[in-house]
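Enquirer:
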Amino acid sequence: MFSHLAPEIRIEAARKFGTPLYLYHADRIRFQYESLQQAFSNCDVRFFYAAKALTNLHVLRYVYSLGCAVDCSSINEIKLARKAGVPNNNILYTSNSIHFSEIEEAVGLGAFVNVDSLSALEKFGKRFGSSYPVGIRLRPNIMAGGNLKISTGHAASKFGIPVEQLNQVHALISAYKIQVHTLHIHTGSEIKDADVFVQGVRLLLDIVADFPDVRIIDLGGGFKVPYYPGEKGTDIHAVGKAVAELFTAYQQKTGRKLQVWFEPGKYMVCEAGYLLTTVNVIKENETLTFAGVDTGLNQLIRPMFYEAYHHIENLTNPSAPVKTYQVVGNICETDTLGADRELPTIREGDLLSIQNAGAYGFEMASQYNARFRPAEVFYKDGSLQLIRRRETLDDLLRTQEGF
Ligand code: LLP
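For our numbering, add 56 to where a residue sits in the sequence shown, where the first one is 1.
Spelled out as structure tokens, the structure:
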């Protein structure tokens with residue numbers, strides 16, 4: 057168990073840097089990484105932190121300092137990882153629907169590359185032949201994940217090459233002598249059921265006999281973390297045990313030793329992050345009490361986009377009698393951050409802490425309603441460090457021409 061960052065530190069961060077504010081707790085990220093290492097200690101495993109969850113350079117640098125490599129979903133994420141000091145042999149690149157020139161650039165930067173379509177594989181073969189090893193992302197037809205928007209391995213998904221098209225994959229490999237070193241799947245985000253990973257491994261171990269150059273099975277990300285109090289996340293120890301057994305049995309049977317890769321995003325950073333927000337307005341109507349805060353769906357889109365639950369605490373009036381609130385944002389749309397929440401009485405000026413904001417929080421923020429994106433602060437080695445300043449009007453104007 058790892059408890060939340062002490063309320064006093066969160067309050068201090070808000071007082072010092074203002075709100076809305078994203079605050080990340082370094083020790084929590086380390087704890088998450090170490091628990092993954094423990095859970096998979098019987099596997100030949102490598103973890104690549106899925107940078108798309110949170111790309112702040114300080115976080116990337118910290119993650120790499122723990123010994124964790126980085127998974128990138130765009131060429132710019134690779135450039136950020138490089139800027140943060142991550143060497144190319146610790147960078148993996150898995151993208152989709154991109155122009156082939158981006159793949160060429162990723163190769164130029166020396167990253168491990170997974171391709172996601174027959175079209176890209178063919179272009180890869182024509183351009184690089186056997187000179188640069190490549191991974192192939194497959195669509196395994198496994199339905200998994202917290203909701204359809206974040207399910208990526210099912211039969212109607214845009215991601216990966218359908219396993220039904222393996223013949224075409226093999227034809228391209230032999231036509232261009234492509235060296236396929238990795239088979240990759242990512243079935244979705246928030247996969248609670250350890251068995252989904254087992255299904256994925258079974259499927260890939262069945263297929264891998266026809267890929268003599270493959271030495272890596274990449275199972276993507278998707279470990280679930282608890283969002284509701286008392287909720288259970290993925291039992292990573294169960295996944296670790298099952299994966300170790302499957303790989304050991306495979307090695308005993310075939311003599312072939314494969315390494316397993318994972319690309320955890322949420323698992324690494326979600327619980328390390330807090331979105332701190334101040335209550336601007338309390339409004340009562342006939343039946344409901346609204347607490348209107350100084351953030352909104354522009355800064356944390358998950359509640360509205362995925363109907364995601366994010367736990368909310370009242371940091372500055374914690375022992376007051378509990379009432380029911382609709383915690384709503386300040387955007388000119390319905391942006392309920394928490395519906396029907398039982399919270400200690402909220403007063404205007406109180407500071408609320410929205411939990412599980414480390415993954416896909418700041419990263420999915422926008423400037424909608426011409427509001428600024430928040431600042432980011434890292435709590436590390438006992439001190440608070442500003443790692444991204446709050447935007448200003450100049451940031452809204454910077455890319456506009458002719459004024
Ligand atoms: N690898 C690949 C190829 C991915 O597409 C993703 C996530 C990951 C790894 C990391 O998955 P994670 O461990 O974070 O679940 N914005 C959504 C999640 C979208 C995930 C997209 N791909 C959310 O806020 O729930």
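Ideal placement from N, C-alpha and C gives every residue a C-beta, glycine not left out. Small disclaimer: the values here were computed from a predicted structure and weren't measured.
#1: Could you tell me the alpha carbon to alpha carbon distance between ASN144 and LYS322, rounded to whole angstroms?
#2: Any heavy atom of the ligand LLP closer than 6 Å to the CB of GLY248?
#3: Does the beta-carbon of GLY256, which I'm using as the reference point, lie nearer than 6 Å to any heavy atom of the ligand LLP?
#4: Kindly provide the chain-ordered list of residues whose Cβ lies closer than 7 Å to any non-hydrogen atom of the ligand LLP.
#5: Any idea if ASP350 is buried or exposed, counting beta-carbon neighbours within 10 angstroms, 16 or more meaning buried?
#6: Closer than 8 Å is the cut-off here; do at least three beta carbon pairs connect the segment 261 to 271 with the segment 241 to 252?
#7: Is ALA347 buried or exposed, if buried means 16 or more other CB atoms sit within 10 Å of its CB?
#8: Assess, as a yes-or-no matter, whether the segment 172 to 184 is touched by the segment 212 to 225 under the definition of 3 or more beta carbon pairs within less than 8 Å.
#9: So is LEU344 buried or exposed if we call it buried at 16+ other beta carbons inside 10 Å?
#10: Alpha carbon to alpha carbon, how far is ALA227 from TYR149?
#11: Apart from the five residues on each side of it in sequence, which residues of its chain come closer than 7 Å, Cβ to Cβ, to TYR424?
#12: If you reduce the DSSP assignment to three classes, tell me which class GLY296 lands in.
#13: Just how far apart, CA to CA, sit ASN98 and HIS237?
#14: If I follow the unbroken alpha helix (DSSP H) through GLY256, where does it start and stop?
#15: Between PHE253, GLU319, PHE58, which has its C-alpha nearest ALA106's C-alpha?
#16: For TYR188, does the three-state DSSP call read helix, strand or coil?
#17: Expressed to the nearest angstrom, what Euclidean distance is found between the alpha-carbon atoms of ASN370 and ILE402?
#18: Should ARG71 be labelled buried (16 or more other beta-carbon atoms within 10 Å of its own) or exposed?
#19: Report the rounded CA-to-CA distance for THR372 versus GLY352, giving the unit in angstroms.
#20: I need the straight-line Cα distance from PHE58 to CYS124, nearest angstrom please.
#21: Could you pull the start and end residues of the alpha helix (DSSP H) that VAL325 belongs to?
#22: Can you tell me whether ALA415 is buried or exposed, with buried defined as 16 or more other CB within 10 angstroms of its CB?
#23: From GLU68, VAL225, VAL163, MET324, pick the residue whose C-alpha is nearest to that of PHE103; which is it?
#24: Please report how far the alpha carbon of ARG397 lies from the alpha carbon of VAL383, in whole angstroms.
#25: Between the Cα of PHE156 and those of ILE147, VAL142, ILE131, spot the shortest distance and give me the residue it belongs to.
#26: The alpha helix (DSSP H) spanning GLU319 covers which residue range?
Expert: Taking the geometry as given:
#1: 23 Å
#2: The question names Gly, but residue 248 in the sequence shown is Lys. No, since every heavy atom of the ligand LLP falls outside the 6 Å radius drawn around the Cβ of LYS248.
#3: no
#4: ALA106, LYS108, ALA109, ASP127, SER129, THR150, GLY202, ILE206, THR208, HIS242, SER245, GLU246, GLY276, GLY277, GLY278, PHE279, GLU319, PRO320, GLY321, LYS322, TYR323, ARG358, TYR362, ALA364, ALA415, TYR416, MET420
#5: buried
#6: no
#7: That one is buried.
#8: With the rule of 3 Cβ pairs closer than 8 Å, the segment 212 to 225 counts as touching the segment 172 to 184.
#9: Exposure of LEU344 is indicated by the presence of fewer than 16 other C-beta atoms within 10 angstroms of its C-beta.
#10: Taking the straight line joining both Cα atoms gives about 24 Å.
#11: Result list for TYR424: ASN354, ILE387, in chain order.
#12: helix
#13: Roughly 22 Å between the two C-alpha positions.
#14: 250 to 263
#15: Nearest of PHE253, GLU319, PHE58 to ALA106, Cα basis: GLU319.
#16: coil
#17: 7 Å
#18: Exposed, because fewer than 16 other Cβ atoms sit within 10 Å of the Cβ of ARG71.
#19: 20 Å
#20: 20 Å
#21: 322 to 325
#22: buried
#23: Selection GLU68, VAL225, VAL163, MET324 evaluated against PHE103 yields MET324 as nearest (Cα-Cα).
#24: 8 Å
#25: ILE131
#26: DSSP places GLU319 outside any alpha helix (DSSP H), giving it a letter other than H or E.
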